[in-house]
Amino acid sequence: MPELPEVEVVKESLSRTITGKKIYKVSVKNRNLRIKIHKDFEKNLKLKFIKKVNRFSKYIILDLENNKYCVIHLGMSGTIHILKKIGLNNKTNTSFYHSPFLPKKHNHVTLKLKDMSIIYNDPRRFGFFKIFNNKLSLEKYFSRFGPEPFSNKFNINYCKNYLYKKKKNIKNFLLDQKFVSGIGNIYASEILFKSKINPKKEASLITNSDIKKIIRFSRATLNHAIKSGGSTIRDFKNIGGNKGYYQNNFKVYNRENKNCLDARCKGLIKKIIITNRSTFFCNICQK
DNA sequence: AAGAGGCCCTGATAGC
DNA sequence: TGCTATCAGGGCCTCT
Numbered sequence: 002m003p004e005l006p007e008v009e010v011v012k013e014s015l016s017r018t019i020t021g022k023k024i025y026k027v028s029v030k031n032r033n034l035r036i037k038i039h040k041d042f043e044k045n046l047k048l049k050f051i052k053k054v055n056r057f058s059k060y061i062i063l064d065l066e067n068n069k070y071c072v073i074h075l076g077m078s079g080t081i082h083i084l085k086k087i088g089l090n091n092k093t094n095t096s097f098y099h100s101p102f103l104p105k106k107h108n109h110v111t112l113k114l115k116d117m118s119i120i121y122n123d124p125r126r127f128g129f130f131k132i133f134n135n136k137l138s139l140e141k142y143f144s145r146f147g148p149e150p151f152s153n154k155f156n157i158n159y160c161k162n163y164l165y166k167k168k169k170n171i172k173n174f175l176l177d178q179k180f181v182s183g184i185g186n187i188y189a190s191e192i193l194f195k196s197k198i199n200p201k202k203e204a205s206l207i208t209n210s211d212i213k214k215i216i217r218f219s220r221a222t223l224n225h226a227i228k229s230g231g232s233t234i235r236d237f238k239n240i241g242g243n244k245g246y247y248q249n250n251f252k253v254y255n256r257e258n259k260n261c262l263d264a265r266c267k268g269l270i271k272k273i274i275i276t277n278r279s280t281f282f283c284n285i286c287q288k
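Read left to right, the first sequence gives residues 2 to 288 (the numbering used here).
In structure tokens, the structure reads:
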């Protein structure tokens, strides 16, 4: 599911829903996510206010009281669901909750607020929850990441220096979070198509003009995707259960053997594997 | 330092 | 119907 745009969509809906609320109870069904959930996890979150919901790259960051932070990564298959309290069963004195989209399996983490529950579901368990005890350790963790495409730091000089003499192909670098943060496998193919650059092109051969296009179309593509509510392939939905629509704008992803959508080009979209990830491009108009 | 490859895990789908 | 193989949007680690 989640590259930067999808995570931004989740972060926005979470922010609208839980900012300023208190966590009353934390329950973990399965601690074995990509990083094992720490034994003090529940203790660190319980009875804390959520001051703010932030995002960096593909990570959601809950700013808590006492300068603690809870970083959430959705991995490949993580989703967040909200269960709203809709009533009380008088006989058992237990609450009813409602969410038509909540999966039955793989609900690993639940945060109970006053009138709702936030539930983390992740079949493949490639996601994780990690607590940082102060701002310094949070900043240290994210210091190894490259800038987001929107950042002024993602500029021509930065790219030129980073790619200088690099032998790997350019698609590898778009996926390399140390170079640029937030781009994943789908948007990498889309950005390179719009930039008219062949994904196999060696990074050291990338020209200034190429770099300008990469910067421009990285920003444009991710922004457009965010505005479309992200991309829904498989069954990504935001926490309210709504789908995104950017997949309707895919120019190359999942379009193997279909016509190139550049009006001037008669090419067909090819699928190749680059470092074990499927990669889509037009070998006529992407040079 | 840079690059190649393996690995973590479940589920959907295709092919027989 | 049921088996097996393959693939999936991420990122870490180790080895050379």
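Ideal placement from N, C-alpha and C gives every residue a C-beta, glycine not left out.
Next on the checklist: Here's the rule I'm using: 16 or more other beta-carbon atoms within 10 Å means buried, otherwise exposed. How should G79 be labelled?
Outcome noted: buried
Checklist entry - Helix or strand or just coil, what does DSSP make of K23? => result strand
Checklist entry - Roughly how many whole angstroms lie between the Cα atoms of R145 and K267? => result 42 Å
Next on the checklist: Quick check: what's the CA-CA separation for R278 versus G128?
Outcome noted: 19 Å
Checklist entry - Does the beta-carbon distance from T280 to K169 come in below 8 Å? => result It is not a contact, given that the beta carbons lie outside the stated cut-off.
Checklist entry - Under a Cβ-count criterion, where at least 16 other Cβ atoms within 10 Å of its own Cβ denotes burial, should Y188 be classed as buried or exposed? => result Under the 10 Å beta carbon count, Y188 is surrounded by 16 or more other beta carbons and is classified as buried.
Item to check | Beta-carbon proximity check, H74 vs F102, cutoff 8 Å | outcome: One thing to note: H74 has its Cβ no nearer than 8 Å to the Cβ of F102.
Item to check | Inter-residue spacing [alpha-carbon to alpha-carbon] between F339 and N243 | outcome: Nothing can be reported for residue 339: it is not among the residues displayed for the chain, which extend from 2 to 288.
Next on the checklist: If you measure between the beta carbons of K22 and N108, is that distance less than 8 Å?
Outcome noted: Not closer than 8 Å, so no.
Item to check | Endpoints, beta strand (DSSP E) assigned at S196 | outcome: Run containing S196: none in the beta strand (DSSP E); it sits in the alpha helix (DSSP H), N186 to S196.
Next on the checklist: With H, G and I counted as helix, E and B as strand and the rest as coil, what does DSSP make of T280?
Outcome noted: strand
Checklist entry - Between which two residues does the beta strand (DSSP E) carrying K85 extend? => result T80 to N90
Next on the checklist: For a test of the three-state rule: what should DSSP assign to F180, helix, strand or coil?
Outcome noted: Taken through DSSP and simplified to helix, strand or coil, F180 comes out as coil.
Item to check | Extent of the continuous alpha helix (DSSP H) run through Y163 | outcome: If you look at Y163, you'll find it in the alpha helix (DSSP H) that goes I157 to L164.
Checklist entry - Among all the DSSP beta bridges, which residues are the ones paired with V72? => result I62 and K131
Item to check | Residue range of the alpha helix (DSSP H) that includes R217 | outcome: N209 to K228
Item to check | Given 8 Å, three or more beta-carbon pairs between the region 11–20 and the region 54–65 | outcome: Judged by Cβ distances under 8 Å, the region 11–20 makes contact with the region 54–65, as three or more pairs qualify.
Item to check | Those residues which DSSP pairs with F102 across a bridge | outcome: Beta-bridge pairing links F102 to no other residue.
Checklist entry - Given 8 Å as the limit, is there contact between the region 246–263 and the region 141–157, that is, 3 or more CB pairs closer than that? => result As far as the Cβ criterion goes, the region 246–263 does not touch the region 141–157, which means the pair count is below three.
Next on the checklist: Whether or not the region 188–198 and the region 221–231 are in contact is what I'm after, with contact meaning three or more pairs of Cβ atoms, one per stretch, closer than 8 Å; do they touch?
Outcome noted: yes
Checklist entry - Between N239 and G245, what straight-line distance do the alpha-carbon atoms span, to the nearest angstrom? => result 8 Å
Item to check | Buried/exposed call for D147, threshold 16 Cβ in 10 Å | outcome: Per the sequence shown, the amino acid found at residue 147 is Gly instead of Asp. The Cβ neighbour count for G147, taken over all protein chains shown within 10 Å, is at least 16; the residue is labelled buried.
Checklist entry - At what residues does the alpha helix (DSSP H) containing K136 begin and finish? => result K136 to F143
Next on the checklist: So, with DSSP's three-state summary, where would you put V54?
Outcome noted: DSSP places V54 in strand when its eight states are reduced to three.
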